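Peer 1: If you want our numbering, it's the 1-based position in the sequence shown plus 60. Where is the CB? At the ideal position from N, CA and C, for every residue including glycine. Since the model is a prediction, treat every value here as computed from it, not as a measurement.
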Amino acid sequence: MKHLTNLAIAAGVFLFTKLYADIISFNSIEISGLNLVGHLLVMIFVIQWIAYIPAFIFKTEKFYDLTGSLTYIAAISIAIYSTNNSKNFDLGGLIIGAAIIIWAVRLGSFLFMRVHRDKKDGRFDSIKTSFSQFFMTWTLQG
C-alpha cells in the first residue's frame, strides 16, 4: 500500500506541475507547437527519471543533488536562449538567469563534494532501498 501511495504522490506532483505550467504559460513562446514552459517541464522530469534509473539500480544518492543542479542549469539556459534573440533582448532576464546558474553551480558542487566526502547522504539511508519512495523523491526534485 505504501508503494501505491508513493507512486500516487509522484503522479500527483507531475500532474499538479503540468497544470501549473499550463496556467502560467499563457502567451508563452512556442516551440514546435508546444509552449516553452511545457518543453521545460517535460525536459526536467525526463532528466530526473533517467537519472533515477542508475541511482536505484546502484542504490546510490551520490548524484541526486548534482542532477538537480544540472537540471536547473539546463532549464534556465534553454529559457534564456529561447527568450533572447536579435529582435528581443532582455538584459534583466539574462542577469537573473546568470545569477540562478551561479547559485546552482555553487550549491550543486558543494552538495556533490559533501556527499562524496562523507560517502553518503543520511537523508537517503531508508529511501534509496524503496523503488517507489526513491522514485517519488526524484520526481519531487523535478
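With three or more beta-carbon pairs closer than 8 Å as the criterion, would you say the segment 183-198 touches the segment 117-127?
Peer 2: These segments touch.
Peer 1: Note down, in chain order, each residue of its chain lying with its Cβ closer than 8 Å to the Cβ of F191, except the 5 sequence neighbours on either side.
Peer 2: Here the question's residue 191 lines up with position 131 in the sequence shown. For F191, where only same-chain residues beyond five positions count, the Cβ hits under 8 Å are H63 and F116.
Peer 1: Look at the alpha carbon of Q201 and the alpha carbon of M103, and state the distance between them as a whole number of angstroms.
Peer 2: As a working mapping, residue 201 is identified with position 141 in the sequence shown. As a working mapping, residue 103 is identified with position 43 in the sequence shown. Looking at the two C-alpha atoms, the distance is approximately 13 Å.
Peer 1: Verify whether the separation of the beta carbon atoms of G168 and L126 is less than 8 Å.
Peer 2: For the purposes of this step, residue 168 is identified with residue 108 of the sequence shown, where counting begins at 1. For the purposes of this step, residue 126 is identified with residue 66 of the sequence shown, where counting begins at 1. Yes, the pair counts as a contact, with Cβ atoms nearer than the cut-off.
Peer 1: Taking its Cβ as the centre, do 16 or more other Cβ atoms sit within 10 Å of T65, making it buried, or is it exposed?
Peer 2: Indexing the sequence shown from 1 puts residue 65 at position 5. Label assigned to T65: exposed.
Peer 1: What's the call for G157, buried or exposed, on a 16-neighbour Cβ count within 10 Å?
Peer 2: For this step, residue 157 is matched to residue 97 along the sequence shown. It is buried - the Cβ of G157 has at least 16 other Cβ atoms within 10 Å.
Peer 1: Using 8 Å as the threshold, is the C-beta distance between I160 and I138 below it?
Peer 2: As a working note, residue 160 is residue 100 in the sequence shown. As a working note, residue 138 is residue 78 in the sequence shown. No, the Cβ-Cβ distance between I160 and I138 is not below 8 Å.
Peer 1: Any idea which residues DSSP pairs E121 with across the strands?
Peer 2: Start at 1 with the first residue of the sequence shown, and residue 121 comes out as number 61. Looking at the DSSP assignment, E121 forms no beta bridge with any residue, so it has no partner.
Peer 1: Can you tell me whether N66 is helix, strand or coil according to DSSP?
Peer 2: Sequence index remark: in the sequence shown, residue 66 carries index 6 (1-based). In the structure shown, N66 sits in a helix (DSSP, three-state: H, G or I).
Peer 1: With DSSP as the reference, identify every bridge partner of S94, one or two as the case may be.
Peer 2: Counting from one through the sequence shown, the residue named residue 94 turns up at place 34. Just to set this straight, residue 94 is Leu in the shown sequence, not Ser. The partner list for L94 (beta bridge, DSSP) reads I91.
Peer 1: Should L154 and I140 be called a contact, given that it needs their Cβ atoms to be closer than 8 Å?
Peer 2: As a first step, residue 154 must be located in the sequence shown, where it is residue number 94. As a first step, residue 140 must be located in the sequence shown, where it is residue number 80. Yes, they are a contact pair.
Peer 1: Which residue wins for smallest C-alpha separation from F76, given the options S92, A134 and G98?
Peer 2: In the sequence shown, the residue the question calls residue 76 occupies position 16. The residue with the shortest Cα to Cα distance from F76 is G98.
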